[in-house]
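A.B. asks: The structure follows.
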Amino acid sequence: MTTIYIGVMTGTSMDGVDFVAASFDPLKIHATLSLPFDPDLRDELMALTLPDDNEIDRMGKADVALAQMIGHGINQLIAENGLDKAQIRAIGSHGQTIRHRPEHGFTLQIGDPNIITEITQIPVVSDFRRRDMAAGGQGAPLVPAFHQALFQHDSIHRVILNLGGIANVSMLPAGNPQGVYGFDTGPANILMDAWCHRYTGQPYDENGNWAAYGQPIRALLERLQEHDFFSKEPPKSTGREDFNLEWLDEQISDWRNDLEYDELEDSPENVQATLLKLTTRAIKKAIYRSEMDTGEVYVCGGGAYNSYLLEQLRWRLRKHNWSVQTTTALGLDPTWVEGTAFAWLAMRFVEQLSGNLPEVTGAQGHRILGTITAV
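See below:
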């Protein structure tokens, strides 16, 4: 009988919850589901990423509400796809990150696994990041170990680029399992989505069309790149604590105060084009600083559907003939890569195998990640 694991992912984009039912060796996707957040819950989760009043009570309510959404979503996934519950060994639930402070040694994901287990009557593996952090790691990114297991090639260098709210890379040098590493490169959709929603009312810039209409502003780009994160050496990770709309507004305000250019340059679409260039430039820097001379870049996450962003990446990486395509070419839809990764991490926990890569997170060694909430 095939053993199935369900992965549940909510990322920094905070657009909803992805569910993936998968089995491994070989990988098979049995079912998928994506549910959008209720606007009130999304607003509260967004607010909890930054310090504010009455945080503990508000966090507790959001913790319960998100767990109930996840639990019922899993039952929906099972029912709509006719899955045999007896085959489902465990759920790997990432939860929603509301604070990530590796410099202080802590990270916090909510979405109570006790409630998820109660609703589904399936064991839940959760709290994946803190064991790595206890061992001196960043607790992120965790997906490179999964990327290595599925996508590393014997003779072709590969980079798996996840474009969620934050962009992160998994460097997979050909035929060198010990050489794998990865890190967050900086913001991806987190700033572009927020800026787009403010000025267009749309949740994201479809195909990057709005950014393509604008022109990057060099002086503003240079100011944004002064953020301390960009000068840090890996291992490194980041989130909404570092990159958010309030921070962006401050940078734009400072830039405007120093403005010596034509006022026509100061337009929302030009800022959007600047944010896209901020993302692609950081990715280019990460890839070109690696020891891999040329190879293949495979993109996953919501940003994989931003055709203008991918076009700009191809242009920036043309010098060394890096190809850029989505993970669809590897047999896994970009939408479901991270959800599948947390199903895989649940499997690793159940089999008592490590889930982190110390070369990626900076931990003192390999660790079994997560804790389990039994039925």
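Using the working numbering, the letters of the sequence shown correspond one by one to residues 99 to 473. The C-beta atom is built at its ideal place from N, Cα and C for all residues, glycine as well.
(1) Can you confirm whether the region 208–222 touches the region 167–183 when touching is taken to mean that 3 or more C-beta pairs between the two stretches lie within less than 8 angstroms?
(2) So, do the region 284–303 and the region 364–371 have three or more beta carbon pairs nearer to each other than 8 angstroms?
(3) Could you check the C-alpha separation between residue 468 and residue 239 for me, to the nearest Å?
(4) Rounded to whole angstroms, what's the CA-CA distance from residue 130 to residue 434? Just pull it up for me.
(5) Tell me the rounded alpha-carbon separation between residue 286 and residue 258.
(6) My output table needs one value for residue 220: the three-state DSSP class, helix, strand or coil.
(7) How should residue 106 be labelled, buried or exposed, when 16 other C-beta atoms within 10 angstroms of its C-beta is the threshold for buried?
(8) Helix, strand or coil: which one does DSSP assign to residue 116?
(9) In this structure, how does DSSP classify residue 361 when only helix, strand and coil are distinguished?
(10) At 4 residues or longer, what runs of the alpha helix (DSSP H) sit wholly inside the region 235–266?
(11) Assuming residue 199 and residue 339 are in contact, meaning their beta carbons sit under 8 angstroms apart, how far apart are those beta carbons, in whole angstroms?
(12) Is the beta carbon of residue 153 less than 9 angstroms from the beta carbon of residue 146?
(13) Comparing alpha-carbon positions, which option in 119, 112 and 303 lies nearest residue 137?
(14) Looking only at C-alpha atoms, which of 189, 408 and 346 sits nearest to residue 121?
(15) Suppose you measure from the CA of residue 264 to the CA of residue 454; what does that come to, to the nearest Å?
(16) What residues in its chain sit with their C-beta under 7 angstroms from that of residue 313, if we drop five residues either side in the sequence?
(17) On the criterion of 16 or more Cβ atoms from any shown chain inside 10 Å, does residue 394 qualify as buried, or is it exposed?
(18) Enumerated in chain order, which unbroken segments of the beta strand (DSSP E) with a length of 3 residues or greater are wholly contained in the region 146–212?
(19) Throw me the rounded Cβ distance for the residue 349 and residue 321 pair, which I believe falls under 8 angstroms.
(20) How do the region 325–339 and the region 397–412 stand: do at least 3 beta-carbon pairs fall below 8 angstroms, yes or no?
(21) Whole angstroms are fine: how far does the CA of residue 400 sit from the CA of residue 262?
(22) Does the distance from the C-beta atom of residue 280 to that of residue 422 stay below 9 angstroms?
(23) Cβ of residue 192 within 9 angstroms of Cβ of residue 174?
(24) Mind checking which residues open and close the alpha helix (DSSP H) that includes residue 104?
(25) Taking DSSP's pairing of strands, which residues face residue 406 in a bridge?
(26) Quick check on this structure: which residue in 124, 276 and 283 has the alpha carbon closest to the alpha carbon of residue 326?
(27) Would the beta-carbon of residue 210 fall within 9 angstroms of that of residue 162?
(28) Alpha carbon to alpha carbon, what distance is there between residue 269 and residue 381?
(29) Pick from 305, 273 and 346: whose alpha carbon is nearest that of residue 293?
(30) On a Cα-Cα basis, can you pick out the residue from 223, 109, 101 and 275 that is closest to residue 243?
(31) Is DSSP giving residue 134 helix, strand or coil here?
(32) Name the two residues that bound the continuous beta strand (DSSP E) containing residue 377.
(33) Excluding sequence positions up to five away, which residues of its chain have a Cβ less than 6 angstroms from the Cβ of residue 398?
(34) Going along the chain, which residues of its own chain have a beta-carbon closer than 8 angstroms to the beta-carbon of residue 466, five neighbours each way excluded?
(35) Can you tell me the Cα-Cα spacing of residue 182 and residue 306, whole angstroms?
C.D. replies: On the basis of the supplied data:
(1) yes
(2) Here the region 284–303 lies against the region 364–371, with 3 or more beta-carbon pairs under 8 angstroms apart.
(3) Your numbering for residue 468 matches position 370 in the sequence shown. Your numbering for residue 239 matches position 141 in the sequence shown. Whole-angstrom Cα-Cα distance: 14 angstroms.
(4) For the purposes of this step, residue 130 is taken as the residue at position 32 of the sequence shown. For the purposes of this step, residue 434 is taken as the residue at position 336 of the sequence shown. So the alpha carbons of these two residues sit roughly 8 angstroms apart.
(5) The residue you call residue 286 lines up with position 188 of the sequence shown. The residue you call residue 258 lines up with position 160 of the sequence shown. The straight-line gap from Cα to Cα measures roughly 14 angstroms.
(6) Here the question's residue 220 lines up with position 122 in the sequence shown. Three-state result, residue 220: coil.
(7) Position 8 of the sequence shown, counting from 1, holds the residue named residue 106. With 16 or more other Cβ atoms within 10 Å, it is buried.
(8) The residue given as residue 116 occupies position 18 in the sequence shown. Of the three classes helix, strand and coil, the one that applies to residue 116 here is strand, per DSSP.
(9) The sequence position of residue 361 within the sequence shown is 263, counting from 1. The predicted model places residue 361 with a pLDDT of 49, which falls under 50 and marks its position as unreliable, so this point remains unresolved.
(10) 241–249
(11) Working through the sequence shown from its first residue, we reach residue 199 at position 101. Working through the sequence shown from its first residue, we reach residue 339 at position 241. Right, the Cβ-Cβ distance comes to about 7 angstroms (below 8 angstroms), so this counts as a contact.
(12) If you number the sequence shown from 1, residue 153 lands on position 55. If you number the sequence shown from 1, residue 146 lands on position 48. Yes.
(13) Within the sequence shown, the letter at position 39 stands for residue 137. Comparing Cα-Cα distances from residue 137 to each of 119, 112 and 303, the minimum goes to 112.
(14) Taking the first residue of the sequence shown as 1, we reach residue 121 at position 23. Per the Cα distances, 189.
(15) As a first step, residue 264 must be located in the sequence shown, where it is residue number 166. As a first step, residue 454 must be located in the sequence shown, where it is residue number 356. Roughly 19 angstroms separates the two Cα atoms.
(16) For the purposes of this step, residue 313 is taken as residue 215 along the sequence shown, with counting starting at 1. Hits under 7 angstroms: 368 and 371.
(17) Against the sequence shown, residue 394 aligns to sequence position 296. Buried is the call here.
(18) For the region 146–212, whole beta strand (DSSP E) runs of length 3 or above, ordered along the chain, are 186–191, 194–199 and 204–208.
(19) Working through the sequence shown from its first residue, we reach residue 349 at position 251. Working through the sequence shown from its first residue, we reach residue 321 at position 223. Going by Cβ atoms, the distance from residue 349 to residue 321 rounds to 5 angstroms, so yes, they are a contact pair.
(20) no
(21) Within the sequence shown, residue 262 is the residue found at index 164, counting from 1. Within the sequence shown, residue 400 is the residue found at index 302, counting from 1. Spanning the two alpha carbons is a distance of roughly 6 angstroms.
(22) Taking the first residue of the sequence shown as 1, we reach residue 280 at position 182. Taking the first residue of the sequence shown as 1, we reach residue 422 at position 324. In this structure, residue 422 does not lie closer than 9 angstroms to residue 280 by Cβ.
(23) Counted from its first residue, the sequence shown places residue 192 at position 94. Counted from its first residue, the sequence shown places residue 174 at position 76. In this structure, residue 174 does not lie closer than 9 angstroms to residue 192 by Cβ.
(24) For this step, residue 104 is matched to residue 6 along the sequence shown. First-last for residue 104: 102–107, but that is the beta strand (DSSP E), not the alpha helix (DSSP H).
(25) Residue mapping note: residue 406 aligns to position 308 of the sequence shown, counting from 1. For residue 406, which the question treats as bridged, DSSP gives no partner whatsoever.
(26) Position 228 of the sequence shown, counting from 1, holds the residue named residue 326. The candidate whose alpha carbon is nearest that of residue 326 is 283.
(27) Here residue 210 corresponds to residue number 112 of the sequence shown, with the count starting at 1. Here residue 162 corresponds to residue number 64 of the sequence shown, with the count starting at 1. Their beta carbons are under 9 angstroms apart, which means residue 210 touches residue 162 by this criterion.
(28) As a working note, residue 381 is residue 283 in the sequence shown. As a working note, residue 269 is residue 171 in the sequence shown. Roughly 12 angstroms separates the two Cα atoms.
(29) The count along the sequence shown starts at 1 and reaches residue 293 at position 195. The shortest C-alpha separation from residue 293 is found at 346.
(30) Translated into the one-based positions of the sequence shown, residue 243 becomes position 145. In terms of CA proximity to residue 243, 275 leads the group 223, 109, 101 and 275.
(31) As a position in the sequence shown, residue 134 is number 36, starting the count at 1. Strand at residue 134.
(32) Counting from 1 along the sequence shown, the entry for residue 377 is found at position 279. No beta strand (DSSP E) contains residue 377, which is instead part of the alpha helix (DSSP H) from 366–386.
(33) Here the question's residue 398 lines up with position 300 in the sequence shown. Only 260, 425, 432 and 435 meet the Cβ criterion.
(34) Counting from one through the sequence shown, the residue named residue 466 turns up at place 368. 229, 446, 447, 450, 451, 452 and 453, listed in sequence order.
(35) Translated into the one-based positions of the sequence shown, residue 182 becomes position 84. Translated into the one-based positions of the sequence shown, residue 306 becomes position 208. So the two alpha carbons sit approximately 41 angstroms from each other.
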